[in-house]
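Enquirer: In the working numbering, the protein residues as written are 437 to 919. Quick reminder that beta carbons are idealized off the backbone N, C-alpha and C, glycines included.
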């Protein structure tokens, strides 16, 4: 967060020193003080820019450009009165002592924060959860588990859906049911969340990292083909940030080499590859219902398949490996990956609203696109003609040509109370996956990982807030003071 000392400059400072302070504090404004440290005025990045455009040298003293009509609060003012002075234009307010010296700072971001994602729980969630509580069915037995799974099957058009305790356990359960063993290899995109690789490792198998396509951010089929070996057992496309992977060439590779396709659709419920929902294409698919996903159960996941043999094995493995018709008889060394009836109740209520969620998101994306499409240095999210992106998080690329780096933009947006999120780190760069590195270069995943930024995209985010985020980015991308 912005600190008061970073925003103080002497009235004897030069414009260049002010610019250094502006970029250091990321606040867009400095407080000018005299030799006695008394407040004499303010200077914004816009003031500096106008001065330089008007012919001022960077070595010019700031005194001639200081705005001496400024807002402030005093130590004797109530906190409520001081906060009332903050608004969309005044985001940083100095607090002065009785002698006029700045002693504290109020910032807009201290009182308002827009999260990247938060759940929308305005449907039947409470009603269904109360039904669980009053009926006593709160663990993994209960009608809502079945109803949630059936609703999921109906939505995706798949034969089988099995609820799990998380998206990670859903993915792991699918790999186990496909018979993944020690020594097998699974092709995984280098740009994804760590769970995609972790579940392969937990099976005793080897994740083989492949670079992603620069345009879609998903597995590059040509590079997948080059990584297939006799040990390859499966390909794991990840529908990253809501945009589907190019499934047809991946499926052709899988068919040619007798491989499984396991879709990591954790971030892409409702997305389509051509006219088919992701999660209904591969041998097995996994979804996440963590609180930041399109629908949520708090924690939870779902694994889907059209293969009855795989489904039946997952049913057994999900519940400790016990045979369904012989209690306490373990056919496999299984897992406790079950979802509770309470979670499923929330999930069912969420599924009832998914069409509404996705329809509203189209408005959100349109607003973002309209404001950001012509901003220099920004690449908008991918949207190919063969896919329907659900924009799990509206994510952009801050290009090298931009006047501000991705990381500096994160800091500045935070100062405005806007939470953002950088892209995932490429897997090959992380200590956990060093044993699986073979020296391959991943230029696309590295570039995207260093330049990608996700913006607030909740299911019920106010369109005014979308405008605020996009306009703030547009302002910062065009108004940043250059050294």
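Given this structure, state the Cα-to-Cα distance separating residue 756 from residue 768, to the nearest angstrom.
Expert: As a working mapping, residue 756 is identified with position 320 in the chain shown. As a working mapping, residue 768 is identified with position 332 in the chain shown. Rounded to whole angstroms, residue 756 to residue 768 spans 8 Å at the Cα level.
Enquirer: Tell me whether the beta-carbon of residue 461 lies closer than 8 Å to the beta-carbon of residue 443.
Expert: The residue given as residue 461 occupies position 25 in the chain shown. The residue given as residue 443 occupies position 7 in the chain shown. Cβ distance < 8 Å, so residue 461 and residue 443 count as in contact.
Enquirer: Could you give the first and the last residue of the continuous beta strand (DSSP E) run that contains residue 624?
Expert: Position 188 of the chain shown, counted from the start, is the residue given in the question as residue 624. Counting along the chain, the beta strand (DSSP E) containing residue 624 begins and ends at 621-625.
Enquirer: If you check the beta carbons only, do residue 531 and residue 510 fall under 8 Å apart?
Expert: On the chain shown, position 95 is the one that residue 531 refers to. On the chain shown, position 74 is the one that residue 510 refers to. The answer is yes: Cβ separation under 8 Å.
Enquirer: Between the Cα of residue 515 and those of 664, 547 and 784, spot the shortest distance and give me the residue it belongs to.
Expert: Looking up residue 515 in the chain shown gives position 79. Among 664, 547 and 784, the Cα nearest to that of residue 515 belongs to 547.
Enquirer: Are the Cβ atoms of residue 633 and residue 675 separated by less than 8 Å?
Expert: As a first step, residue 633 is located in the chain shown; it is residue number 197 there, counting from the start. As a first step, residue 675 is located in the chain shown; it is residue number 239 there, counting from the start. No, the Cβ-Cβ distance between residue 633 and residue 675 is not below 8 Å.
Enquirer: Count the other CB atoms within 10 Å of the CB of residue 917; is the residue buried (16 or more) or exposed (fewer)?
Expert: Within the chain shown, residue 917 is the residue found at index 481, counting from 1. At residue 917, the pLDDT of 45 sits below 50, so the modelled position is not reliable; the number obtained from the coordinates is stated separately. It counts as buried.
Enquirer: Quick one: is residue 658 near chain C, going by C-beta distance under 8 Å?
Expert: The structure shown contains no chain C; it is built from a single protein chain.
Enquirer: Would you mind reading off the limits of the alpha helix (DSSP H) that contains residue 519?
Expert: Mapped onto the chain shown, residue 519 falls at position 83. From DSSP, the alpha helix (DSSP H) with residue 519 extends over 515-520.
Enquirer: Rounded to the nearest angstrom, what separates residue 451 and residue 699 at their Cα positions?
Expert: Counting from 1 along the chain shown, the entry for residue 451 is found at position 15. Counting from 1 along the chain shown, the entry for residue 699 is found at position 263. Straight-line Cα distance between these residues: approximately 55 Å.
Enquirer: Rounded to whole angstroms, what's the CA-CA distance from residue 662 to residue 636? Just pull it up for me.
Expert: In the chain shown, the residue the question calls residue 662 occupies position 226. In the chain shown, the residue the question calls residue 636 occupies position 200. Between residue 662 and residue 636, the C-alpha separation is close to 20 Å.
Enquirer: Using a threshold of 8 Å, state whether the C-beta atoms of residue 733 and residue 596 are closer than that.
Expert: Stepping through the chain shown from its first residue, residue 733 is reached at position 297. Stepping through the chain shown from its first residue, residue 596 is reached at position 160. Not a contact, by the Cβ cut-off of 8 Å.
Enquirer: How long is the line joining the alpha carbons of residue 904 and residue 817, rounded to whole angstroms?
Expert: Reading the chain shown from its first residue, position 468 is the one you call residue 904. Reading the chain shown from its first residue, position 381 is the one you call residue 817. Distance between the alpha carbons of residue 904 and residue 817: 19 Å.
Enquirer: Should residue 737 be listed as close to the ligand MG, given that the test is whether its C-beta is under 7 Å from any heavy atom?
Expert: Summarising the ligand content, the structure contains no ligands, and the ligand MG is consequently not present.
Enquirer: Cutting at 7 Å between CB atoms, please list the residues of its own chain near residue 446, excluding the five before and the five after it.
Expert: What you label residue 446 is simply residue 10 of the chain shown in a count that begins at 1. For residue 446, where only same-chain residues beyond five positions count, the Cβ hits under 7 Å are 469.
Enquirer: Give the C-beta separation of residue 884 and residue 648 to the nearest angstrom, bearing in mind that I take them to be a contact with Cβ-Cβ under 8 Å.
Expert: Against the chain shown, residue 884 aligns to sequence position 448. Against the chain shown, residue 648 aligns to sequence position 212. Confirmed, Cβ separation roughly 7 Å.
Enquirer: Kindly indicate the opening and closing residues of the beta strand (DSSP E) around residue 699.
Expert: Position 263 of the chain shown, counting from 1, holds the residue named residue 699. Note, residue 699: beta strand (DSSP E), 696-700.
Enquirer: Could you give the uninterrupted runs of the alpha helix (DSSP H) lying entirely in the stretch 578-650, keeping only those of 4 residues or more?
Expert: 579-592, 603-613 and 631-638
Enquirer: Could you tell me the boundaries of the beta strand (DSSP E) in which residue 661 lies?
Expert: The residue you call residue 661 lines up with position 225 of the chain shown. Counted as a single uninterrupted DSSP element, the stretch harbouring residue 661 is not any beta strand (DSSP E) but the alpha helix (DSSP H) occupying residues 657-663.
Enquirer: Within the continuous alpha helix (DSSP H) that includes residue 685, where are the two ends?
Expert: Stepping through the chain shown from its first residue, residue 685 is reached at position 249. Here the alpha helix (DSSP H) through residue 685 covers 683-693.
Enquirer: Can you give the Cα-Cα distance for residue 888 and residue 860, rounded to whole angstroms?
Expert: Numbered from its first residue, the chain shown carries residue 888 at position 452. Numbered from its first residue, the chain shown carries residue 860 at position 424. So the two alpha carbons sit approximately 8 Å from each other.
Enquirer: Distance, Cα to Cα, residue 704 vs residue 679?
Expert: Taking the chain shown and counting its residues from 1, the one referred to as residue 704 is at position 268. Taking the chain shown and counting its residues from 1, the one referred to as residue 679 is at position 243. In a straight line, the C-alpha of residue 704 is about 7 Å away from that of residue 679.
Enquirer: Distance check for residue 749 and residue 605, CA to CA, integer angstroms please.
Expert: Residue 605 sits at position 169 when you count from the first residue of the chain shown. Residue 749 sits at position 313 when you count from the first residue of the chain shown. Taking the straight line from one Cα to the other gives about 14 Å.
Enquirer: Are there 16 or more other CB atoms within 10 angstroms of the CB of residue 608, so buried, or fewer, so exposed?
Expert: Reading the chain shown from its first residue, position 172 is the one you call residue 608. It is buried - the Cβ of residue 608 has at least 16 other Cβ atoms within 10 Å.
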